[in-house]
Amino acid sequence: MSLSSAARTRIAAAACTATAMIAGTIATNPDSAWYRRLKKPSWEPPGWAFPVVWTPLYTAIGYAGGQALVSEDDPARRRALAISFGANLVLNAGFCVAFFRGRSVGGGLATQGVLNVLNADLIRRAWAADPKAGAALVPYAAWTVFASTLNAAILKLNR
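What the sequence shown shows, in our numbering, is residues 4 to 162, in sequence order.
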């Protein structure tokens, strides 16, 4: 029995999301001496909160990407949506590489700035294809804005 085109699209979206998650996880090291030495604001969430938050966010990203791609009937808009989704995942993992592996608070903030713009674009495109898919991405965008605010505070404290 072969998989339908919709099933293949959903599986591909989930696989791409999982790849970004794994790449970001591998690049992240909050236990490094470099990260521990950074001054952080008092409102930084505890370390255990990050995987608790990111697990459902990645689930929502994978669902929303697959659902929106399946729902978009126009080939040109579907292609643009796929590019937006892919670029978003690359920048999502890219933050971890820039911040933790590159040990660059400023590079992390710059990456997050672009990611916030890509989030708005992805939500707009996903919402047009399927409003539930677009809505599923809103908590991810909100968390990314929060993370950008945290990153900016860390940059300010460590000039």
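Glycine residues also receive a C-beta, built at the ideal position from the N, C-alpha and C atoms.
Can you find a CB in chain B that lies within less than 8 Å of the CB of residue i?
i, result
"residue 68", "Within the model displayed, chain B is absent; a lone protein chain is all it includes."
Out of the options, point me to the one whose CA is closest to residue i's CA.
i, options, result
"residue 14", "59, 73, 58", "73"
"residue 56", "151, 162, 142, 158", "142"
"residue 123", "102, 91, 103, 24", "91"
"residue 34", "46, 51, 101", "51"
"residue 22", "156, 49, 62", "62"
"residue 53", "24, 9, 5, 158", "24"
"residue 38", "60, 93, 101, 95", "101"
"residue 81", "7, 6, 125", "125"
"residue 3", "134, 36, 60, 127", "For the chain, the structure presents residues 4 to 162; residue 3 sits outside this window and is missing."
"residue 138", "60, 151, 76", "60"
"residue 9", "76, 49, 40", "76"
"residue 58", "17, 134, 94, 6", "17"
Can you check whether the CB of residue j is closer than 8 Å to the CB of residue i?
i, j, result
"residue 131", "residue 67", "no"
"residue 85", "residue 136", "no"
"residue 20", "residue 89", "no"
"residue 156", "residue 104", "no"
"residue 140", "residue 43", "no"
"residue 69", "residue 12", "yes"
"residue 98", "residue 109", "no"
"residue 79", "residue 27", "no"
Quick one: measure Cβ to Cβ for residue i and residue j, integer angstroms, because I've assumed they're closer than 8 Å.
i, j, result
"residue 47", "residue 153", "6 Å"
Pair every Cβ in the stretch 144-156 with every Cβ in the stretch 112-119, then say whether three or more of these pairs are closer than 8 Å.
-> Segments in contact, yes.
Those runs of the alpha helix (DSSP H) which lie wholly inside the stretch 14-42 and span at least 4 residues = Here the runs fully enclosed are 36-40.
Write down every uninterrupted run of the alpha helix (DSSP H) in the stretch 55-106 whose length is 4 residues or greater and which is fully enclosed by it, in chain order.
-> Counting only runs of 4 or more, we get 78-99.
Could you pull out every unbroken alpha helix (DSSP H) segment of at least 4 residues lying fully inside the stretch 125-155, listed in chain order?
-> Entirely contained in the stretch 125-155, the alpha helix (DSSP H) runs reaching 4 residues are, in chain order, 134-139.
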